[in-house]
Amino acid sequence: MPLIVQKFGGTSVADSNKILAAARKAIRAKMEGNQVVVVVSAMGHTTDELIGLAKQITETPAAREMDMLLSTGEQVSISLMAMAIHSLGHEAISMTGAQMGIVTDSTHTKARIRSISTERLRRALESGKIVIAAGFQGIDDDFNITTLGRGGSDTTAVALAAALNADACEIYTDVDGVYTTDPRLVPEARKTNRISYDEMLELATAGAGVMHNRSIEFAKKFSTPVHVRSSFSDVPGTFIVAQPEAPNQPVCGAAVIKNEARVTLRGLPDRPGVAAQVFAQVAAAKVPMDMIVQNVGAGGKADISFTVPRDELPSVRKVVEQVSQQLGAESVSYDDDVSKVSVVGLGMATQPGVARTMFRALAEKGINIDMITTSEIKISVLVARDFAQEALRTVHEAFGLSIAPPNAAAPGEGAGAADRRNHTKELLARLERMEDLIIEDITLDESQARVTLVDVPDRPGLAAQCFDEIAEAGINVDMIVQSVGNEGQANISFTVPQADYQRAAVKAADLAKLLGSPAPASSPKVAKLSVFGIGMKSHTDVAARMFRALAEAGMNVEMISTSEVRINVVIAGAHGAKAVDVLRREFAEALV
Ligand code: ADP
Ligand code: ASP
Ligand code: MG
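Each residue of the sequence shown is one higher than the last, beginning at 552 in the numbering used here.
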């Protein structure tokens, strides 16, 4: 019998009528001949209210007790949902995370799922009951209740769908699908018919709160098709599957994270191991670092910048102050008034000029870019928070996202659905430690050179001017990073094919002269290493481990870009092959 997992978010179970409406959807699926698991979130704003209650008692509640408290929200809604189904004349049983056998690690408030024992669920389903599962929660080896992080019910739903090898996983929410950006922020946003796992993963972490990013890691790992749709209508929503909506579309969506903070350490000794030490200590505090930029040292000194979620800044400050003293940094600065705007698309990997279009559009609106990082399928810029909304709109418009691409897929899952579901055996092998890091490959690209502009004036339009000139010379740029330099100045590094190095270097030198900046610090041959897999960023220590392993082998990281599916580092050209060995050894346990 086919099996369906349906998940209803907070707004979809906000009151008794909504719970009854959701119950009817579940019953309908059952009547259509499916086994049905319903995952529910806490009602309405319950989780926020519970957090508020805790804050009234103490500013620093123990994480274990927070989980004890927050998990009650979902326990209320599962029982009410089961009662609703009973009242409509059908059989249902509610289960907490522990009762379903969702075992997690012990990282309270952001626990990871280790395994799900499906036996009890199966028994209930086989006896004809609709199973109502509490989202967002699990239990550790010591029977402590844990939660998976805000928005984690999506992850429960997809994890259950994976563990049960479900035929469908439907995420019912208050929008009717995944839009090209948050429709509340940009009303012209377009609903997409389909989006690929990789794109959704990047968008989710870049701020598209419609799906919990870790749920997409599960979906990708277990090839689970996810259907995001409205709780309040029956129109088809968006399918999250392996294939994108339109092949070659450079950008499929844009997102913003309004509350970011930037940390910059200046004047660090420029030797292998320094960056590694900074990142290792931040990672040990389990704080997700985002845009990470290390400048190639000028005058024997190096600068490091990175961003963290704004509310993590107080704990990061402590760590950073300590490590900057240990290392003898000249200064540390923070900016907690910044936002990150990103564009994502599988097609940008093969199409030049996407970054340039984004920088030009922002320049035309006079919006200054504080930092830039790019990966194969994502470009992120950091801007002052006051400009965040306008920047999001601007890039959404610049890429014409409100208009459907001419070759867009029709609504639906696409071809190959049956095959995807036929891999139970393979799945079972992977169920142990479900949320572990997976490294698919480590590759080396020795075809590139690096150009670095140092201390150029930090003003709107600078990046646009730089990459316009490079593009006009017919040179394709691969990685780009821009970071804050000395007071009022910026550093921009980018990589180009070695064959174009001379011309790019001349262009950069001309530009530096024009701007009154020092001569560029470039390198005709660099090695770019890419480590790709699943969980590259949600496992907060992957970048730090790379830095450490390379540093211990005496190699300095010159550029880095991180994304959900891939971390790239650029190092000196001579070290490429050795670096691959080092990283293969470092990640041996995760390599598949
Ligand atoms: P639920 O409680 O059902 O889990 P969420 O509030 O977590 O719902 O997610 C739905 C919300 O996500 C929408 O109301 C919308 O404002 C927001 N959102 C952000 N980005 C997007 C996007 N790209 N597409 C659709 N919704 C988005
Ligand atoms: N109730 C939890 C939250 O508000 C989990 C969820 O809704 O997904 O974050
Ligand atoms: Mg949600």
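Virtual Cβ for every residue (Gly too), placed ideally from N, Cα, C.
Simplified DSSP state of residue i, which is helix, strand or coil
{"i": "residue 1081", "result": "strand"}
{"i": "residue 1090", "result": "coil"}
{"i": "residue 997", "result": "strand"}
{"i": "residue 1112", "result": "strand"}
{"i": "residue 790", "result": "strand"}
{"i": "residue 726", "result": "coil"}
{"i": "residue 750", "result": "helix"}
{"i": "residue 1104", "result": "coil"}
{"i": "residue 767", "result": "helix"}
{"i": "residue 567", "result": "helix"}
{"i": "residue 992", "result": "strand"}
{"i": "residue 945", "result": "helix"}
{"i": "residue 1124", "result": "helix"}
{"i": "residue 1049", "result": "helix"}
{"i": "residue 761", "result": "coil"}
{"i": "residue 1150", "result": "The requested residue 1150 does not occur in the structure, where the chain is confined to residues 552 to 1143."}
{"i": "residue 578", "result": "helix"}
{"i": "residue 772", "result": "helix"}
{"i": "residue 939", "result": "helix"}
The ligand ASP heavy atom lying under 8 Å from the CB of residue i
{"i": "residue 750", "result": "no"}
{"i": "residue 593", "result": "yes"}
{"i": "residue 687", "result": "yes"}
{"i": "residue 598", "result": "yes"}
{"i": "residue 519", "result": "Examination of residue 519 is not possible in this model, given that the chain is present from 552 through 1143 alone."}
heavy atom of the ligand ADP below 8 Å from residue i C-beta
{"i": "residue 735", "result": "yes"}
{"i": "residue 880", "result": "no"}
{"i": "residue 699", "result": "no"}
{"i": "residue 896", "result": "no"}
{"i": "residue 806", "result": "yes"}
{"i": "residue 559", "result": "yes"}
{"i": "residue 740", "result": "yes"}
{"i": "residue 754", "result": "yes"}
Closer than 8 Å: residue i CB and nearest the ligand MG heavy atom
{"i": "residue 763", "result": "yes"}
{"i": "residue 705", "result": "yes"}
{"i": "residue 743", "result": "no"}
{"i": "residue 724", "result": "yes"}
{"i": "residue 624", "result": "no"}
{"i": "residue 652", "result": "no"}
{"i": "residue 760", "result": "yes"}
{"i": "residue 728", "result": "no"}
{"i": "residue 788", "result": "no"}
{"i": "residue 1127", "result": "no"}
Unbroken beta strand (DSSP E) run spanning residue i, endpoints
{"i": "residue 745", "result": "745-747"}
{"i": "residue 818", "result": "804-820"}
{"i": "residue 854", "result": "852-860"}
{"i": "residue 590", "result": "586-591"}
{"i": "residue 554", "result": "554-559"}
{"i": "residue 935", "result": "929-935"}
{"i": "residue 844", "result": "843-845"}
{"i": "residue 562", "result": "Careful: residue 562 lies outside any beta strand (DSSP E) and carries neither H nor E."}
Limits of the unbroken alpha helix (DSSP H) element including residue i
{"i": "residue 1061", "result": "1052-1066"}
{"i": "residue 920", "result": "Looking at the DSSP string, residue 920 is not in any alpha helix (DSSP H), and its letter there is neither H nor E."}
{"i": "residue 606", "result": "597-608"}
{"i": "residue 783", "result": "Counting along the chain, residue 783 falls outside any alpha helix (DSSP H), and DSSP gives it neither H nor E."}
{"i": "residue 741", "result": "Element bounds for residue 741: n/a, residue is neither H nor E."}
{"i": "residue 501", "result": "Outside the displayed range of the chain (552 to 1143) lies residue 501, so it cannot be described from this structure."}
{"i": "residue 833", "result": "825-835"}
{"i": "residue 704", "result": "704-714"}
{"i": "residue 675", "result": "670-677"}
Closer than 8 Å: residue i CB and nearest the ligand MN heavy atom
{"i": "residue 952", "result": "The ligand MN is absent from the structure shown, which contains only the ligand ADP, the ligand ASP and the ligand MG."}
Query raised in the report: Taking one C-beta from the stretch 905-923 and one from the stretch 1014-1029 each time, how about it: are there three or more such pairs within less than 8 Å?
Result: yes
Query - At least three beta-carbon pairs within less than 8 Å, the stretch 852-871 to the stretch 758-767 - result: no
Requested in this report: Could you pull out every unbroken beta strand (DSSP E) segment of at least 3 residues lying fully inside the stretch 997-1043, listed in chain order?
Outcome: Entirely contained in the stretch 997-1043, the beta strand (DSSP E) runs reaching 3 residues are, in chain order, 1031-1035.
Query - Uninterrupted alpha helix (DSSP H) stretches inside the stretch 873-916 (no shorter than 4 residues) - result: Complete alpha helix (DSSP H) runs here, min 4: 905-915.
Query raised in the report: Does the count of Cβ pairs from the stretch 1099-1109 and the stretch 1024-1035 closer than 8 Å reach three?
Result: no
Report task. Would you mind listing the beta strand (DSSP E) stretches within the stretch 615-665 that are 3+ residues and don't spill past its ends, in chain order? Result -> 643-646 and 653-655
Requested in this report: Report yes or no: do three or more beta-carbon pairs, one from the stretch 881-901 and one from the stretch 777-789, lie closer than 8 Å?
Outcome: These segments do not touch.
Query raised in the report: Are the stretch 1116-1133 and the stretch 855-862 in contact at 8 Å, needing three or more beta carbon pairs?
Result: Judged by Cβ distances under 8 Å, the stretch 1116-1133 makes no contact with the stretch 855-862, as fewer than three pairs qualify.
Query raised in the report: Can you find at least 3 beta carbon pairs, one from the stretch 669-678 and one from the stretch 598-609, that sit closer than 8 Å?
Result: no
Query raised in the report: Should the stretch 679-693 be regarded as contacting the stretch 623-643, the criterion being three or more beta carbon pairs within less than 8 Å?
Result: yes
Requested in this report: Kindly confirm or deny that the stretch 1097-1105 and the stretch 1057-1077 touch, where touching means at least three C-beta pairs closer than 8 Å.
Outcome: no
Query raised in the report: Can at least three beta-carbon pairs, one atom from the stretch 687-695 and one from the stretch 644-661, be found at a separation below 8 Å?
Result: yes
Query - Contact between the stretch 921-931 and the stretch 824-831 (3+ Cβ pairs under 8 Å) - result: no
Query - At least 3 beta-carbon pairs within less than 8 Å: the stretch 792-803 vs the stretch 732-749 - result: yes
Query - Sufficient close CB pairs (3 or more, under 8 Å) joining the stretch 1048-1060 to the stretch 721-734 - result: No, the stretch 1048-1060 is not in contact with the stretch 721-734.
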